[in-house]
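Peer 1: Protein chains in written order, with the numbering used here: chain G, 47 to 160; chain C, 17 to 128.
1. Along chain C, which residues have their Cβ under 7 Å away from the Cβ of residue 94 of chain G?
2. Distance check for residue 105 of chain G and residue 125 of chain G, CA to CA, integer angstroms please.
3. By the DSSP assignment, the beta strand (DSSP E) with residue 53 of chain C in it spans what residues?
4. Taking the alpha carbon of residue 160 of chain G as the reference point, which residue from G:111, G:132, G:141, G:53 has its own alpha carbon closest?
5. DSSP on residue 70 of chain G, reduced to helix/strand/coil?
6. Does residue 60 of chain G get closer than 7 Å to chain C when you measure Cβ to Cβ?
7. Would residue 121 of chain C count as contacting chain G if we go by Cβ distances under 7 Å?
8. Measuring CA to CA, which of G:59, G:71, G:113 is closest to residue 143 of chain G?
9. Drop a sphere of 10 angstroms on the beta-carbon of residue 146 of chain G, count the other beta-carbons inside from all chains shown, and report buried for 16 or more, exposed for fewer.
10. Whose C-beta lies closer than 7 Å to the C-beta of residue 45 of chain C among residues of the same chain, with five residues either side of it excluded?
11. Against chain G, which members of the stretch 58-84 of chain C pass a CB distance test of less than 9 Å?
12. So, is the C-beta of residue 151 of chain G closer than 7 Å to a C-beta in chain C?
13. Does DSSP classify residue 63 of chain G as helix, strand or coil?
14. Buried or exposed, going by whether 16 or more other CB atoms sit within 10 Å of the CB of residue 48 of chain G?
15. So which residues of chain B does residue 105 of chain G contact, with C-beta pairs closer than 8 Å?
16. Is the stretch 81-93 of chain C in contact with the stretch 34-44 of chain C, if contact means three or more CB pairs nearer than 8 Å?
17. CA-CA distance, residue 109 of chain G and residue 72 of chain C?
18. Can you give me the Cβ contacts of residue 178 of chain G inside the same chain, cut-off strictly under 6 Å, excluding the 5 residues immediately before and after it?
19. Less than 8 Å between C-beta atoms, sequence neighbours within five positions excluded: which residues of the same chain meet that for residue 104 of chain C?
Spelled out as structure tokens, the structure:
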């Protein structure tokens, strides 16, 4: 596609619910990143995929967070038992190569946990 | 762990003023440095990057940044800002095969 596409753009859910956020990277980009951005903060790294495998998941805050990229293209970030502190904008980025290539970002999915 | 500091949280300037946004990092080895920009309602996009070579790098829209290794700095500059430069600016650091680490950002408001 023309750019990185993220859905949904906005998601409001209740505390304790399960949420999935989807990222469709630029066609042909092998590297895919998830970041989280809270109000007044810079993007915070969550996980990085090279192809189908998670090359670095050191940023996932706890075991409620999980991400997959089964066919090396689309990725889904999954959050179980959501908490109010999970409210943030979740950003996806892709890159033609791994680090330190230029990252192309999507517009983000804004998650609000009530 | 490596970190990036942006001390200016919000900068307000008039059109045609000169701009300098500070960025300092903490890491003793070889680094790659980036400035990303987020215009209102848009996604983050790359403004410029430094990997090696000439420490003065030029980016899009008249922006430039200077890597000063002795000061662990990579400040962003523009000699004359425009109203359309209103945006949030993020400095970012990368080294080795590690992930890209962002600063907290500087919100720039240009008054016409």
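Beta carbons: idealized from backbone N, C-alpha and C, even for Gly.
Peer 2: For this structure:
1. Listed along the chain, the chain C residues whose CB falls inside 7 Å of the CB of residue 94 of chain G are 115.
2. Computed Cα separation, rounded: 14 Å.
3. 48-54
4. G:132
5. strand
6. So no, residue 60 of chain G is outside the interface.
7. Against chain G, the CB of residue 121 of chain C has a partner CB under 7 Å away; the residue lies at that interface.
8. G:71
9. buried
10. Excluding sequence positions up to five before and after residue 45 of chain C, its CB lies within less than 7 Å of the CB of 111, all in the same chain and listed in chain order.
11. 58, 59, 60, 61, 62, 65, 67
12. yes
13. coil
14. exposed
15. No chain B appears in this structure, whose protein chains are G and C.
16. yes
17. 43 Å
18. The requested residue 178 of chain G does not occur in the structure, where chain G is confined to residues 47 to 160.
19. 53, 54, 121, 122, 123, 124
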